[in-house]
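Asker:
2 protein chains.
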Amino acid sequence: MNRIDSTSADGQHAAEDRTQAIHDRLRDAIVDRRLAPGTKLSEGEVGALFDVSRTVARAALQMLAFEGLVRIERNRGAFVANPSPEEARQVFASRRLIEPGIVAAAAERVTTDDLARLRAHLAAERRHMHERGPDARRAEIKASGEFHLLLAAMGGNAILQRFMEELIARSFLVIALYGRSGASSCGHDEHDAIVDALERRDAAVAVALVVSHIDHIEADLDLRARTGPTLKAALAP
Amino acid sequence: MNRIDSTSADGQHAAEDRTQAIHDRLRDAIVDRRLAPGTKLSEGEVGALFDVSRTVARAALQMLAFEGLVRIERNRGAFVANPSPEEARQVFASRRLIEPGIVAAAAERVTTDDLARLRAHLAAERRHMHERGPDARRAEIKASGEFHLLLAAMGGNAILQRFMEELIARSFLVIALYGRSGASSCGHDEHDAIVDALERRDAAVAVALVVSHIDHIEADLDLRARTGPTLKAALAP
DNA sequence: GAAGCTGAAATTGCATACAATTTTGCCGTC
DNA sequence: GACGGCAAAATTGTATGCAATTTCAGCTTC
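Laid out in structure tokens, this is it:
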């Protein structure tokens, strides 16, 4: 279980913030599907697992609830979110609205340094793609999301960046729940094309590519309503 | 929703979720300018004021911090946010990106019931506008924001609605800090025109009106950088 | 008088204790 | 055997206590 503080790349981690650390680890586990939607996250258990008091565990869970990754029911506890098809649609509708704006801004502000980072990321994605096994698949999906977060960071708007972080995390949950092909949820060629457009500072093309990219991701979902007789229907066959 | 539980009548459903109630009251006070940016909000003081323990007060403050209305510094406490000009720009850039999408959705989904509610709200705005005194001015500004929140609710996307709630609240802070004319920050005629467009289901016009409306609000701000030698410059003349 | 230092007071971070609520297992009844 | 209710166990909501950190007043020194 020696998970090497995966979020250290953002470089912002102050020395002592255990709440944030627990939040990050749980978030990682949720978007990685190591914690299935609906799983109960009891304060005591989380606290014991990270060797902190319930106070700290509770604060971390509340942070996750604000992001929509966890649902807290009064007097009942915290559960990994289980987004409905409608919520899933809203996640992607929001992305379709926000990401174009971010990419347009990125196209104007992108530096050669940024481009280098994007290219490096694309290479990493391609590496994961060629590996085999469920771990590689998870890494690929995660890297695919990180690409969008890189773009968000380059947009230069911290507020939109935070919104995107939430939307990407929720997208992972949605894909885990409703993804059809499970694997190649993100066409990596499309990522390549987006970076190409950014390199040419071609905002219009970059925006168009991003929109159709999001369309492709959402097209891979099976969002047929199973809101009504969930349990009965699921157990019928 | 549960917004109008102001200074009194807390006996009934306040017992349900005191954290949320305190959060709402503080948020109200902040966007109403009754709490100036930079004001210290100590856990003990807040707790004593609402007659709860620090635990609950702390949770409410953390919620506000997530929304960007409060800044929490480790070991130092919570302060009403003091957005920089750059943050102010980002707030409005985000609104310019998100609100058109919301209004476009609202134009397609709006019901006659919704329109009635909007008209009623416009009437209320006009009432405030014709009253005199600082209280009426505050009520006018608040109502002006609530108009945008009504639109957000009609967009039918809960995620974007929440984003807008945060952005509107932060807009109030920004206007409080950088507003030039203090008062008529929202042209109410523009609100009228937007509702007219919605009534005609004319998404294109509604979107255009919203964008220029946001432009007008932002144009009323004085966002010249006072980041550098703030104090010295302020005391010089 | 201004700058610097020191210790007390105040405030936050965290753990823990206790009350309130929900969940669960058990048992009697039908 | 199923159903309903009751009490124990588990879990959350909240208050409070203690240690660590920061703030500040008062004192010393230059």
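Chains A and B are the protein sequences, given in the same order.
Taking full-length UniProt numbering, the leading residue of the first sequence gets 1, the next gets one more, and so forth.
Taking full-length UniProt numbering, the leading residue of the second sequence gets 1, the next gets one more, and so forth.
Heads up, the beta-carbon is just placed ideally off N, CA and C, and yes, glycines get one too.
Give the interface partners of B/Asn82 over in chain A, defined as CB-CB distance under 8 Å, in chain order.
Answerer: None at all; the shortest Cβ gap to chain A is about 15 Å.
Asker: At least one CB of chain B closer than 8 Å to the CB of A/Asp222: is that the case?
Answerer: No, because no Cβ of chain B sits closer than 8 Å to the Cβ of A/Asp222.
Asker: In the region 174-227 of chain B, which residue ranges form an unbroken alpha helix (DSSP H) of at least 4 residues, counting only runs that do not cross its ends?
Answerer: Entirely contained in the region 174-227 of chain B, the alpha helix (DSSP H) runs reaching 4 residues are, in chain order, 188-199, 203-219.
Asker: In the DSSP assignment, find the beta strand (DSSP E) that holds residue 239 of chain B and state where it starts and stops.
Answerer: For residue 239 of chain B there is no data in the structure shown, the boundaries of chain B being 1 and 237.
Asker: Determine the burial state of A/Asn75: buried for a count of at least 16 other Cβ atoms within 10 Å of its Cβ, exposed for fewer.
Answerer: It counts as exposed.
Asker: Looking only at its own chain, which residues have a Cβ that is under 6 Å from the Cβ of A/Ser8, when we skip the five neighbours before and after it?
Answerer: Any reading at A/Ser8 must be qualified, since the residue scores a pLDDT of 36, below 50, and its modelled position is unreliable; the value itself is stated next. Within the same chain, A/Ser8 has no close Cβ partners at all.
Asker: Report yes or no: is there a C-beta of chain B within less than 8 Å of the C-beta of A/Leu97?
Answerer: For A/Leu97, the answer is yes, since a Cβ of chain B falls inside 8 Å of its Cβ.
Asker: Quick check on the DSSP output: the beta strand (DSSP E) that includes A/Ala78 runs from which residue to which?
Answerer: Looking at the DSSP string, the run of the beta strand (DSSP E) that includes A/Ala78 is 77-80.
Asker: Grab the span of the alpha helix (DSSP H) containing B/Arg27 for me, first residue to last.
Answerer: 18-31 is the extent of the alpha helix (DSSP H) around B/Arg27.
Asker: Three or more C-beta pairs closer than 8 Å, one from the region 59-76 of chain A and one from the region 135-154 of chain B: is that the case here?
Answerer: The region 59-76 of chain A, when compared against the region 135-154 of chain B, does not touch it at the 8 Å Cβ threshold.
Asker: Can you tell me whether A/Pro83 is buried or exposed, with buried defined as 16 or more other CB within 10 angstroms of its CB?
Answerer: Flag for A/Pro83 reads buried.
Asker: Anyone know if the C-beta pair for A/Arg27 and A/Ala153 falls short of 8 Å?
Answerer: Going by C-beta atoms, A/Arg27 is not nearer than 8 Å to A/Ala153.
Asker: Under 7 Å Cβ to Cβ from B/Ala193, same chain only, skipping five residues before and after it: list those, please.
Answerer: Only Leu209 meet the Cβ criterion.
Asker: Are the region 96-116 of chain B and the region 155-167 of chain B touching, with three or more C-beta to C-beta distances below 8 Å?
Answerer: The region 96-116 of chain B is in contact with the region 155-167 of chain B.
Asker: For the region 74-137 of chain A, list the beta strand (DSSP E) runs that are entirely contained and at least 3 residues long, ordered along the chain.
Answerer: Listed in chain order, the complete beta strand (DSSP E) runs (minimum 3 residues) inside the region 74-137 of chain A are 77-80.
Asker: By DSSP's criteria, A/Arg71 is part of a beta bridge. Which residues make up the other side?
Answerer: In the DSSP output, where bridge partners are listed per residue, A/Arg71 has A/Phe79.
Asker: Specify whether the region 20-40 of chain A and the region 57-66 of chain A touch according to this definition: at least 3 beta carbon pairs, one from each stretch, less than 8 Å apart.
Answerer: A contact exists between the region 20-40 of chain A and the region 57-66 of chain A.
Asker: Determine which residues share a DSSP beta bridge with B/Lys142 and list them.
Answerer: B/Lys142 is not bridged to any residue.
Asker: If you follow the alpha helix (DSSP H) that residue 239 of chain A is part of, which residue opens it and which one closes it?
Answerer: In the structure displayed, chain A extends from 1 to 237; residue 239 of chain A sits before or after that span and is not available.
Asker: So, are the CB atoms of B/Ala93 and B/Pro37 less than 8 Å apart?
Answerer: Going by C-beta atoms, B/Ala93 is not nearer than 8 Å to B/Pro37.
Asker: Give me, in chain order, the residues of the same chain whose beta-carbon lies closer than 7 Å to that of A/Ile214; leave out the 5 immediate sequence neighbours on both sides.
Answerer: Once the five neighbours on either side are set aside, the close Cβ partners of A/Ile214 are Phe92, Arg95, Arg96, Glu99.
Asker: Exposed or buried, B/Glu131, counting other C-beta atoms within 10 Å across all chains shown (16 or more means buried)?
Answerer: Counting Cβ neighbours within 10 Å, B/Glu131 comes out exposed, since fewer than 16 surround it.
Asker: Beta-carbon within less than 6 Å of A/Asp222's beta-carbon, same chain only, minus the 5 sequence neighbours each way: which residues are those?
Answerer: Excluding sequence neighbours, A/Asp222 sits near Tyr178, Arg180.
Asker: Rounded to whole angstroms, what's the CA-CA distance from A/Lys40 to A/Arg33? Just pull it up for me.
Answerer: Approximately 14 Å between the Cα atoms of the pair.
Asker: Give me the Cα-Cα distance between A/Ala29 and A/Leu35, rounded to the nearest whole angstrom.
Answerer: Straight-line Cα distance between these residues: approximately 6 Å.
Asker: Near B/Val174, what residues of its chain come up, given a Cβ to Cβ distance below 6 Å and the 5 sequence neighbours on each side ignored?
Answerer: The answer, listed in chain order, is Pro83, Ala88, Val91.
Asker: Whose Cβ in chain A lies nearer than 7 Å to the Cβ of B/Ser94?
Answerer: In chain order: Asn157, Ile159, Leu160.
Asker: Answer yes or no: does any C-beta atom of chain A fall closer than 8 Å to that of B/Ala60?
Answerer: No, because no Cβ of chain A sits closer than 8 Å to the Cβ of B/Ala60.
Asker: Whose CA, out of A/Glu190, A/Leu69, A/Val207, A/Val52, lies closest to the CA of A/Arg119?
Answerer: Measuring from the Cα of A/Arg119, the nearest candidate turns out to be A/Glu190.
Asker: Find the residues of chain B that neighbour A/Val91, judging by a C-beta separation of less than 9 Å, and give them in chain order.
Answerer: What A/Val91 touches in chain B: Ile159.
Asker: For chain B, is any of its Cβ atoms less than 8 Å away from the one on A/Gly101?
Answerer: Cβ-Cβ to chain B under 8 Å: yes for A/Gly101.
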